[in-house]
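Chains as they are written, first to last, in my numbering: chain A, 640 to 872; chain B, 640 to 872.
Cβ atoms here follow ideal geometry from the backbone N, Cα and C, with glycine treated the same way.
This one's a predicted model, so the numbers in the text were calculated from it and none came from an experiment.
Protein chains: 2
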Amino acid sequence: MLSQDLSDSRRSSDSSSPPTRFAVALYPGFQALDVFGPLDILNMLSQTRPLALEILSATLDPVPTLTPSSGHTTGQSVLPTRTFADAADDIEVLLVPGGFGSRDPANVAPVVEFVRKAYPRLRYLLTVCTGSAVVASSGILDGRRATSNKRAWEWATAQGPRVNWVRRARWVVDGNVWTSSGVSAGIDMMYAFVADRYGEDVAQTLADASEYVRNTDPEWDPFAGEAENGAAK
Amino acid sequence: MLSQDLSDSRRSSDSSSPPTRFAVALYPGFQALDVFGPLDILNMLSQTRPLALEILSATLDPVPTLTPSSGHTTGQSVLPTRTFADAADDIEVLLVPGGFGSRDPANVAPVVEFVRKAYPRLRYLLTVCTGSAVVASSGILDGRRATSNKRAWEWATAQGPRVNWVRRARWVVDGNVWTSSGVSAGIDMMYAFVADRYGEDVAQTLADASEYVRNTDPEWDPFAGEAENGAAK
């Protein structure tokens, strides 16, 4: 487990050009808002500067939020633009959402394999909700601070026993990895990422356009309950 | 223009069974969060009771958020489940999102035609952002109180000169029509709708699961600026 000092020293202080090439890794049973909260912000940002976004999945078939394991009866399906196998080599930012589909190892195996392969070339890896559990199972988060959905905490943290899980957090930044808490927290994390990489004024302008009141404190978390960092025992 | 008293008397006090059959009307250039903010709530709600959701559009082709007029360079495409022509007769709740695509009358003509035809059979009509402008152009909102996106206020209100536009509002309920302000406001409106129709406890349980802090006051609106009700002159 990293000391706080080391962890802080690994926080991004990259002042190079803001990223322009994004991708999102979809799998059946992703949670819709985990994806479209952050991507709606990117869509708006792409009005002011050219951005590229690949919507990746194992195949080019539409990817449903609805799977038997979700227990939902309503859902939506999103069209990928490329398969993991055909993903561009120059993706800078990868977003991994959560959702009920993340609970099935076979279902997310292609995501885990892709993240493991792509991570060394990424500038930033972002996860929402149980997306951090998917990424944790790849080993990438070992020794890092990260957070996840509070309702799925025990299961999620068990996917990465060597991760320094932070329960009370809206989102956590460790090095080039940003992880957010459950579902809606991904919106605040993405505004924070935009603020960090493109400027606070840019982030606030987008939030105002979306009529969204940001939670700008990463340690603000009314959903943590009795905060005990680390994995549930 | 309705008096406040008459308007209030038309507010829903329907205590009959909660609706179970939903639809959303998509068109190219819809705003992603206008749709997936509310629908993510429905998806979660559908875990606790069977709901049906039709994703309607003019054709069965994937519907893109990205159009030339949006000025975006990133976008996503969603798969419809039925065309407007084949929509079920028993839809109870129709959601109409906003987005840059709403600005082009030819683009939204199929939506306007569908809403006009479907409205008499609906129990509830919900709009997000400039979705109210689309619906206003059908005449359905004439004489009703409604709101819309603050950044698009002048244009949106001009689509319904006989609508009693309410500028300072997170959302507005008039009879069986619920209209929300820009983009993110649709999330608060849908939680309010769920609270009204399924119970406050149900809405709060879903918001907690989504780690979302609701804005529960429909008159709360930090984005209204100098609030002048009625259309911009």
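Chain-order list of residues whose beta-carbon lies under 6 Å from that of residue i (same chain, five-residue window excluded)
| i | result |
| --- | --- |
| A:T818 | T766, S771, A785, T786, V811 |
| B:L761 | L733 |
| B:A775 | Q798, G799, V802 |
| B:F739 | G668, S708, S709 |
| A:F862 | K789 |
| A:F675 | none |
| A:A829 | The amino acid occupying residue 829 of chain A in the given sequence is Met; Ala does not appear at that position. Hits under 6 Å: P677, I680. |
| A:P701 | S716, L718 |
| B:T720 | E693, I694 |
| B:L854 | Note on identity: in this sequence residue 854 of chain B is Asn, with Leu being the wrong assignment. If we look at B:N854 and ignore the five residues flanking it on each side, its Cβ neighbours are R809, D827. |
Nonlocal neighbours in the same chain, by C-beta distance under 7 Å from residue i, ignoring five residues either side
| i | result |
| --- | --- |
| A:P703 | P667, G714, S716 |
| A:P657 | R836, Y837 |
| B:G825 | D673, G676, P677, V767, C768, S819 |
| A:D743 | S708 |
| B:Q843 | none |
| A:S685 | none |
CB contact check: residue i to chain B, cutoff 8 Å
| i | result |
| --- | --- |
| A:G821 | yes |
| A:A842 | no |
| A:S849 | yes |
| A:F832 | no |
| A:A824 | yes |
| A:A691 | yes |
Classification of residue i by the beta-carbon crowding that lies within 10 angstroms, buried from 16 upward
| i | result |
| --- | --- |
| B:G838 | exposed |
| A:E693 | buried |
| A:S741 | buried |
| A:R688 | exposed |
| A:E793 | exposed |
| B:S777 | buried |
| B:A848 | buried |
| A:P736 | buried |
| B:E850 | buried |
| B:L764 | buried |
| A:P857 | buried |
| B:A846 | buried |
| A:L705 | buried |
| B:L699 | exposed |
| A:D840 | exposed |
| A:D827 | buried |
| A:A795 | buried |
| B:A745 | exposed |
Contact set for residue i: own chain, Cβ-Cβ below 8 Å, skip 5 residues either direction
| i | result |
| --- | --- |
| B:I730 | R660, F661, A662, E693, A757, R760, L761 |
| A:F723 | A664, L695, S696, A697, P749, V750, E752, F753 |
| A:V822 | Q670, L672, D673, G676, G737, V767, C768, N788 |
| A:R650 | In this predicted model, A:R650 has a pLDDT of only 41, less than 50, meaning its place in the structure is not dependable; the value taken from the coordinates is given anyway. Taken in chain order, the residues that qualify are V812, D813, G814. |
| B:A726 | A662, E693, L695, F753, A757 |
Beta-bridge pairing of residue i - partner residues as DSSP gives them
| i | result |
| --- | --- |
| A:E693 | A:A662 |
| B:A763 | What sits at residue 763 of chain B in the sequence shown is Tyr, not Ala. For B:Y763, which the question treats as bridged, DSSP gives the partners B:V732. |
| B:P877 | One cannot answer for residue 877 of chain B here, as it falls past the ends of chain B, which runs 640 to 872. |
| A:A785 | A:W804 |
| B:S819 | B:W810 |
| A:T722 | A:S696 |
Residue-chain proximity (residue i, chain A), Cβ-Cβ < 8 Å
| i | result |
| --- | --- |
| B:L641 | Here the model assigns B:L641 a pLDDT of 35, short of 50, so the residue's position is not dependable, and the following value carries that caveat. For B:L641, the answer is no, since every Cβ of chain A falls outside 8 Å of its Cβ. |
| B:P861 | yes |
| B:V852 | yes |
Short of 9 Å Cβ to Cβ, which residues in the segment 665-686 of chain A face chain B?
Legend: CB atoms of the segment 665-686 of chain A lying less than 9 Å from CB atoms of chain B belong to residues Q670, A671, L672, D673, V674, F675, G676, L678, D679, I680, L681, N682, M683, L684, S685, Q686.
By the 8 Å beta-carbon criterion, what residues does the segment 693-726 of chain B contribute toward chain A?
Listed in sequence order: I694, P701, T704, L705, S709, G710, H711, T712, T713, G714, Q715, S716, V717, L718.
Taking Cβ-Cβ distances below 9 Å as the criterion, which residues of the segment 772-801 of chain A are in contact with chain B?
Those residues of the segment 772-801 of chain A that come within reach of chain B (Cβ to Cβ, closer than 9 Å) are N788, K789, R790.
Return the residues of the segment 729-756 of chain A that lie within a Cβ-Cβ distance of less than 7 Å from chain B, sorted by chain order.
Under the 7 Å Cβ criterion, the segment 729-756 of chain A contributes no residue.
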